[in-house]
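Okay, structure first, notes after.
In our numbering, the protein residues as written are 3 to 119.
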């Protein structure tokens, strides 16, 4: 099932494609670069982002096979829109905040010592 793209998002990508030509990039590298530029509003990524098409293909295959998405950023987790993906975000676990406070660690560092769930 594909997601419905909001008209504002579609227009944003249309404007991006009007301003930069990424047609020289392989398909997954182009898609990732577009998303990074769209998310950051920073056109410098067009020239600075380095993607490995084979690694992107392997990642896509892993996701399609059901591999979980792991992030240490709660806002990234909130922005993942694909239904059915297993999402692991240890930094969002209450135990990570408690461990961080008690051990004087950043939430990300504390999350490394917390099992999700």
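A virtual CB, placed ideally from N, CA and C, is assigned to each residue, including glycine.
Buried versus exposed, by CB contacts within 10 Å (16 or more), residue i
i	result
residue 35	buried
residue 98	buried
Among the options, the one whose alpha carbon lies nearest that of residue i
i	options	result
residue 101	40, 19, 114	114
residue 93	109, 78, 87	109
residue 73	46, 21, 111	111
residue 78	23, 42, 56	42
residue 84	95, 96, 68	68
residue 26	55, 8, 9	55
Distance between beta carbons of residue j and residue i, contact taken as under 8 Å
i	j	result
residue 89	residue 70	7 Å
residue 30	residue 59	6 Å
residue 39	residue 18	6 Å
residue 32	residue 24	5 Å
Separation of residue j from residue i, as counted between CA atoms
i	j	result
residue 6	residue 104	44 Å
residue 76	residue 44	22 Å
residue 28	residue 49	14 Å
residue 21	residue 14	11 Å
residue 37	residue 106	35 Å
residue 57	residue 65	12 Å
residue 47	residue 87	27 Å
residue 9	residue 53	28 Å
Bridge partners - residue i, DSSP secondary structure assignment
i	result
residue 71	89
Short CB-CB distance (under 7 Å) between residue i and chain C
i	result
residue 105	No chain C is part of this structure, which consists of one protein chain only.
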